[in-house]
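Visitor:
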Amino acid sequence: MPETPESLHAGVHGDTVIDADQLVRITSLHRGFLYQHLYTAACLLRFKTAGLHKLLVERDEDLEAVLPGRHVYLQVKTRSRPLQWGDISGAVDSFAAVRARHSEGKRPGHPQLVIVANVPLGPQLVTKTAAADWPGDITLLIPQTAPPEAWLPPAWSDLDEAIAWCTREAAQVPFSSLAPLTLVWKLAARVVYACTGHGEQAFTADTVADLHEQFVKELQAFPTLAHDYLPQADEPDLLTDAQVRLITGFSGAGKTAWAAHAAQHCPEPLTYFDTAALTADAVASGLARELTARYLNTEQRTNLPHGSGIDLLRAVHRHLAATPTAVVLDNVHRLSAAELKQITETLPTARLVLLGQPCPDQTILSAHLGITAEFLHGWNADRVAQVLADAGAPADAATIARLIALTGGLPLYVRNAAQLAQSHYAHDTARMCQALTDRQHTAPTAQDLILEEIFDGLAPQAQTAASLLALAEVPLAEDELNRLAQDAGLGPKDCARGLRTLAGLGVLQRLGDGLTTLHDATRALATDYIPHHADTQHQLNLTLSDILHDSLISGSAEPRRLARWARLLARTERTDQLLPFASHDYFFDQSFAVDLKPTLQMVADDHVARPIDRFDALNALATLALDADDAAAHKQLTGELTALADTHHEDWGIRETVVLAGHQMHQCAYDRDTKTLNAAYLAARAALPKESAARRILRYNQAKSLYQAERYTQADTIALNLVETYMAHLGLEADDIVGASVEQVAARLSSADTDLDDCKRLADCLALRAGCRRQLDQPFGLAALHALKFYQLAQAWRHFVTIGQDIVDDFVELGDLYQAMKLLDDALLPAARGQGLADLLLAVRAQRAVVLAHTGDFATARTEINSLLRYQMPPRQAQEINNQRNLIEQLARLKRPGPR
10 MPETPESLHA GVHGDTVIDA DQLVRITSLH RGFLYQHLYT AACLLRFKTA GLHKLLVERD
70 EDLEAVLPGR HVYLQVKTRS RPLQWGDISG AVDSFAAVRA RHSEGKRPGH PQLVIVANVP
130 LGPQLVTKTA AADWPGDITL LIPQTAPPEA WLPPAWSDLD EAIAWCTREA AQVPFSSLAP
190 LTLVWKLAAR VVYACTGHGE QAFTADTVAD LHEQFVKELQ AFPTLAHDYL PQADEPDLLT
250 DAQVRLITGF SGAGKTAWAA HAAQHCPEPL TYFDTAALTA DAVASGLARE LTARYLNTEQ
310 RTNLPHGSGI DLLRAVHRHL AATPTAVVLD NVHRLSAAEL KQITETLPTA RLVLLGQPCP
370 DQTILSAHLG ITAEFLHGWN ADRVAQVLAD AGAPADAATI ARLIALTGGL PLYVRNAAQL
430 AQSHYAHDTA RMCQALTDRQ HTAPTAQDLI LEEIFDGLAP QAQTAASLLA LAEVPLAEDE
490 LNRLAQDAGL GPKDCARGLR TLAGLGVLQR LGDGLTTLHD ATRALATDYI PHHADTQHQL
550 NLTLSDILHD SLISGSAEPR RLARWARLLA RTERTDQLLP FASHDYFFDQ SFAVDLKPTL
610 QMVADDHVAR PIDRFDALNA LATLALDADD AAAHKQLTGE LTALADTHHE DWGIRETVVL
670 AGHQMHQCAY DRDTKTLNAA YLAARAALPK ESAARRILRY NQAKSLYQAE RYTQADTIAL
730 NLVETYMAHL GLEADDIVGA SVEQVAARLS SADTDLDDCK RLADCLALRA GCRRQLDQPF
790 GLAALHALKF YQLAQAWRHF VTIGQDIVDD FVELGDLYQA MKLLDDALLP AARGQGLADL
850 LLAVRAQRAV VLAHTGDFAT ARTEINSLLR YQMPPRQAQE INNQRNLIEQ LARLKRPGPR
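This note's numbering applies: residue 10 is where the sequence shown begins, and numbers increase by one.
#1: Less than 8 Å between C-beta atoms, sequence neighbours within five positions excluded: which residues of the same chain meet that for residue 558?
#2: Secondary structure at residue 699, three-state DSSP: helix, strand or coil?
#3: On the three-state DSSP scale, how would you describe residue 371?
#4: To the nearest angstrom, how far is the alpha carbon of residue 682 from that of residue 718?
#5: Could you tell me which residues DSSP puts in a beta bridge with residue 80?
#6: From residue 51 to residue 59, what does the alpha carbon distance come to, in whole angstroms?
#7: Taking Cβ to Cβ, would you say residue 284 is nearer than 8 Å to residue 215?
#8: Straight-line CA distance for residue 467 to residue 510?
#9: Which residue from 355, 348, 343, 845 puts its Cα closest to that of residue 328?
#10: Leaving aside the five residues before and after residue 553 along the sequence, list all residues of the same chain whose C-beta is less than 7 Å from its C-beta, in chain order.
#11: For residue 318, count the other beta carbons within 10 Å of its own beta carbon; 16 or more makes it buried, fewer makes it exposed. Which is it?
#12: Take the Cβ of residue 732 as the centre, count every other Cβ of all protein chains shown within 10 Å, and call the residue buried at 16 or more, exposed below.
#13: I'd like the list of long-range same chain contacts for residue 275, defined as Cβ closer than 7 Å, with 5 residues on each side in sequence excluded.
#14: For residue 62 and residue 116, which I take to be in contact (beta-carbon distance under 8 Å), what is that distance rounded to the nearest angstrom?
#15: Using a Cβ-Cβ cutoff of less than 8 Å, which residues in the same chain neighbour residue 372 once the five nearest sequence positions on both sides are dropped?
#16: Under 8 Å, with one C-beta from each stretch per pair, do the segment 135-148 and the segment 164-180 reach the 3-pair mark?
#17: Report the rounded CA-to-CA distance for residue 642 versus residue 472, giving the unit in angstroms.
#18: Can residue 229 and residue 66 be called in contact, C-beta distance under 8 Å?
#19: With DSSP as the reference, label residue 200 as helix, strand or coil.
#20: If you measure between the beta carbons of residue 728 and residue 694, is that distance less than 8 Å?
#21: Between residue 272 and the rest of its own chain, which residues show a CB-CB distance below 8 Å, the 5 nearest in sequence each way excluded?
#22: Leaving aside the five residues before and after residue 524 along the sequence, list all residues of the same chain whose C-beta is less than 8 Å from its C-beta, in chain order.
#23: Got a sec, what are the start and stop residues for the alpha helix (DSSP H) residue 268 sits in?
#24: Once you ignore the five residues that flank residue 120 on each side, which residues in its own chain have a CB closer than 7 Å to its CB?
#25: Would you give the residue range spanned by the beta strand (DSSP E) that residue 63 belongs to?
#26: Measuring straight from C-alpha to C-alpha, what distance separates residue 891 and residue 414?
#27: Do residue 108 and the ligand MN come close, with the Cβ less than 7 Å from some heavy atom?
#28: What span of residues does the beta strand (DSSP E) with residue 365 cover, start to end?
#29: Between residue 348 and residue 289, how many whole angstroms is the CB-CB distance? I'm expecting something under 8 Å.
#30: In the segment 644-699, which residue ranges form an unbroken alpha helix (DSSP H) of at least 4 residues, counting only runs that do not cross its ends?
#31: Do residue 464 and residue 257 have their CB atoms nearer than 8 Å?
#32: On the CB-based measure, 16 or more other CB atoms within 10 Å of its CB, does residue 294 come out buried or exposed?
#33: Output needed for residue 871: all residues of its chain with C-beta closer than 7 Å, excluding positions within five of it in sequence on either side, in chain order.
#34: Hey, would you say residue 647 sits closer than 8 Å to residue 616, going by beta carbons?
#35: Give the secondary structure of residue 86 by DSSP, where H, G and I count as helix, E and B as strand, and everything else as coil.
#36: In its own chain, which residues sit with a C-beta less than 7 Å from the C-beta of residue 332, not counting the 5 before and 5 after it?
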């Protein structure tokens, strides 16, 4: 049933109105008024574009626009039928009087009447306006016809069209604090108020700017730092000569904090703008506002064109062309490469620092702009130690290194981990690191939440490629990764495709030597995607072990590869390779050796295993105990070795005889029983060939044991004899070493018959002699320096650093502080860092702090020693570093000038 006119006008309570015609008249009246007010608001929005001096409402006409030399009168009509002559005749007649006043000079400017209507002209009015006598200064503006002047708003058919047009126009008002539609309604309401005769009925340029709520001030500033800023490793400068730079890193890498902190110390003005959740046009408009507020004066601001987006930013830049301008744009990964390129091209004279997360468009952007992305490298060990200590969860150097490997040292991830250790792991950072490694932590971390989103969105081939690099832990060459990928069912093309995806997201890092690895922060999470089938995992471990072994025997003794290979041998129970390695002196120089104790103990306890395998395992465990100065453990293990030898003595050869005798002599040294010690030596020597390497090794062990038993003179005599024996064996004279560099000594040892193990043994003997002479308070010449050279030749880095520290002490005692610092900075610190000798690194740094104090640089010495005290360390080492701190203060007091 069709609705009646009455039913269309039901009241708010469901009742129909009594007089429907009255309601039609009321709504038509208000519709007409609102149309007129919106047209006035539209003229206010076009005020600047038109160059108006003044806009008046409800005077001789609905609107009066005063322009230079002209006065435009506007009558606004709304009808529900075509416009008739009767609708406008009154306005035309009234305008005749207005025209006369202008002609008489009583009003300035040339008059013009524009009648605006929402409907087309009726037939009669069309004829009338086309007649020759129609006044030229009267124009009818209706929908679908062009306004007589470009600045005039068009005539609209209805209110919806009017509101839509005004909203679009309001969006072009630069620097308005209001949403476009809100600005439209505000202007319409202000017009209504003016039409009542209250307040000022004239709008001028000054009042229009206020009505638009245009403001030019900086809305964005660098975020306030939540914590005291801790610099990252090798931070880049915030501003350089480059026009555009891209600083990229995962969320949590500290990019914004870096920029905010650097800005505090920057001598130039900086504009900060966060592009988060904004379109390119909104970024351009907002950035234009920020630059205008900082750099433009009032006149320049006033003359900016009516517009927004890139056009407005370009206009602002024209005023900035001769002004040094620097801008930090944050979260640029939310914009496309094309959008960012357009913004950078719009500001060709400004220096732009772009901060963003890795994204696929990064490669395109870098290519477009001809730049290379830069990275923040995260916190170093000292900073991580400080954060952990402040959180009440201090850790030792090895644990801190492990946490950096897990988090990449990224500030947010490290702080989150510190809180996690404090709140969920009873302040035990090592236990937390193990849980993170095993992916068995129950509390979510910021790192997981941020990175899981990246990994979950990866294609399967990218997930698999990432998991293989995570499994490797060390950088791999392309052929090595493809070899590993075969076991995971990933062909070379799919593997390459996956790597490209990972590179675009910043997950992949390509090293300069053709190797590829994962960003440290992503490695633990990537392990979740390793194939779960046990057989596949085992095969992957075997293949990786073979890959690393092949690279090691080809001459790459890279410490990380060696460590990973050794741990894989333990995981895959390849004791046939592990035990010979663990019997070599080189093994005990490695920081990872102690990590293999569980596997070695498993073999030692396996009474079904071959006796020789048990022997090698017990030997390795006993040597580790000896290095750790664990007398009780060494005594027990030596007893087990002796019992095993008694049971299987017929299986032993020369090597086993020397090894067993060495442990027995060291055990006698603990008990200060030199009689038994020497008896053990003589018994073993009787079973060894004369002039053999085995006899030299046995003789050294005797001397070392005598040293431990404090029989320094006897030990020194033997050590001197051994030095001469090894020199002759290697074909060296004293003149070949004195004053020669390591490279020169190596050249003299270039014979194919030279065994670098003998270089290590010669170094041991030289170091032992220097130690004996120190204890006897007798000169030892260049023995320690020569030992340093041969340890370097043999790549026995732990011994190299240890003897080097003794030499530094000698230089300090002699007053040669330059040589002491040179040895520390050029040799010992690089060796400790490069070989991952975390415990020795702390000791070397503490020693360096003392040397700095001797030079008078107490401020740097105190800073260094206080950084070290944030590390957790064994009581003996902690006491030693505390002693060094006290020594620094003692030196400071001695050099402090007294009262005058």
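We put the CB at the ideal spot given by N, CA and C, even for glycine.
Note that the structure is predicted; figures quoted are calculated from it, not measured.
Guide: In short, the structure shows the following:
#1: Here residue 558 is taken as the residue at index 549 of the sequence shown, counted from 1. 574, 586.
#2: Reading the sequence shown from its first residue, position 690 is the one you call residue 699. DSSP places residue 699 in coil when its eight states are reduced to three.
#3: Looking up residue 371 in the sequence shown gives position 362. Annotated three-state conformation of residue 371 is helix, per DSSP.
#4: In the sequence shown, counting from the first residue as 1, residue 682 sits at position 673. In the sequence shown, counting from the first residue as 1, residue 718 sits at position 709. Their backbone Cα atoms lie some 8 Å apart in a straight line.
#5: In the sequence shown, residue 80 corresponds to position 71, counting from 1. Paired residues: 75, 120.
#6: For the purposes of this step, residue 51 is taken as the residue at position 42 of the sequence shown. For the purposes of this step, residue 59 is taken as the residue at position 50 of the sequence shown. Looking at the backbone, the Cα of residue 51 and that of residue 59 are separated by about 12 Å.
#7: The sequence position of residue 284 within the sequence shown is 275, counting from 1. The sequence position of residue 215 within the sequence shown is 206, counting from 1. The answer is no: Cβ separation not under 8 Å.
#8: Within the sequence shown, the letter at position 458 stands for residue 467. Within the sequence shown, the letter at position 501 stands for residue 510. Those two C-alpha atoms are separated by around 8 Å.
#9: By 1-based counting over the sequence shown, the position of residue 328 is 319. That would be 355, whose Cα lies nearest to the Cα of residue 328.
#10: Locating residue 553 in the sequence shown gives position 544, where the first residue counts as 1. Excluding positions up to five away in sequence, the list reads 480, 481, 493, 577.
#11: Here the question's residue 318 lines up with position 309 in the sequence shown. Answer is buried; the Cβ neighbour count reaches 16.
#12: Looking up residue 732 in the sequence shown gives position 723. Flag for residue 732 reads buried.
#13: As a position in the sequence shown, residue 275 is number 266, starting the count at 1. If we look at residue 275 and ignore the five residues flanking it on each side, its Cβ neighbours are 247, 248.
#14: For the purposes of this step, residue 62 is taken as the residue at position 53 of the sequence shown. For the purposes of this step, residue 116 is taken as the residue at position 107 of the sequence shown. Not a contact, Cβ separation roughly 14 Å.
#15: The residue labelled residue 372 in the question sits at position 363 within the sequence shown. Counting only Cβ-Cβ distances below 8 Å, and skipping sequence neighbours, we find 512, 513.
#16: no
#17: The residue labelled residue 642 in the question sits at position 633 within the sequence shown. The residue labelled residue 472 in the question sits at position 463 within the sequence shown. Cα to Cα, residue 642 sits roughly 46 Å from residue 472.
#18: Stepping through the sequence shown from its first residue, residue 229 is reached at position 220. Stepping through the sequence shown from its first residue, residue 66 is reached at position 57. No.
#19: Here residue 200 is taken as the residue at index 191 of the sequence shown, counted from 1. Correct three-state label for residue 200: helix.
#20: As a working mapping, residue 728 is identified with position 719 in the sequence shown. As a working mapping, residue 694 is identified with position 685 in the sequence shown. For residue 728 and residue 694, no; Cβs fall outside 8 Å.
#21: Residue mapping note: residue 272 aligns to position 263 of the sequence shown, counting from 1. So the qualifying residues of the chain are 231, 247, 279, 281, 337.
#22: Within the sequence shown, numbered from 1, the residue matching residue 524 stands at position 515. Around residue 524: 484, 485, 486.
#23: If you number the sequence shown from 1, residue 268 lands on position 259. It spans 264-273 - the alpha helix (DSSP H) in which residue 268 sits, taken as one unbroken run.
#24: Sequence index remark: in the sequence shown, residue 120 carries index 111 (1-based). Taking C-beta separations shorter than 7 Å and ignoring five residues to either side along the sequence, the partners of residue 120 in its chain run 80, 82, 107, 108, 111, 146, following chain order.
#25: Stepping through the sequence shown from its first residue, residue 63 is reached at position 54. For residue 63, the enclosing beta strand (DSSP E) begins and ends at 63-66.
#26: Walking along the sequence shown from the start, residue 891 turns up at place 882. Walking along the sequence shown from the start, residue 414 turns up at place 405. One C-alpha to the other measures close to 29 Å.
#27: Of the ligands one can find in the structure shown there are none, so the ligand MN has no counterpart to examine.
#28: Counted from its first residue, the sequence shown places residue 365 at position 356. First-last of the beta strand (DSSP E) with residue 365: 360-365.
#29: Taking the sequence shown and counting its residues from 1, the one referred to as residue 348 is at position 339. Taking the sequence shown and counting its residues from 1, the one referred to as residue 289 is at position 280. Sure, about 4 Å apart at Cβ, within 8 Å.
#30: 663-679, 683-694
#31: Translated into the one-based positions of the sequence shown, residue 464 becomes position 455. Translated into the one-based positions of the sequence shown, residue 257 becomes position 248. The answer is no: Cβ separation not under 8 Å.
#32: Walking along the sequence shown from the start, residue 294 turns up at place 285. Residue 294 should be labelled buried.
#33: Here residue 871 refers to the residue found at position 862 when the sequence shown is read from its first residue. Excluding sequence neighbours, residue 871 sits near 897.
#34: Start at 1 with the first residue of the sequence shown, and residue 647 comes out as number 638. Start at 1 with the first residue of the sequence shown, and residue 616 comes out as number 607. Cβ distance not < 8 Å, so residue 647 and residue 616 don't count as in contact.
#35: Locating residue 86 in the sequence shown gives position 77, where the first residue counts as 1. If DSSP states are grouped into helix, strand and coil, residue 86 belongs with the strands.
#36: Here residue 332 refers to the residue found at position 323 of the sequence shown. Counting only Cβ-Cβ distances below 7 Å, and skipping sequence neighbours, we find 304.
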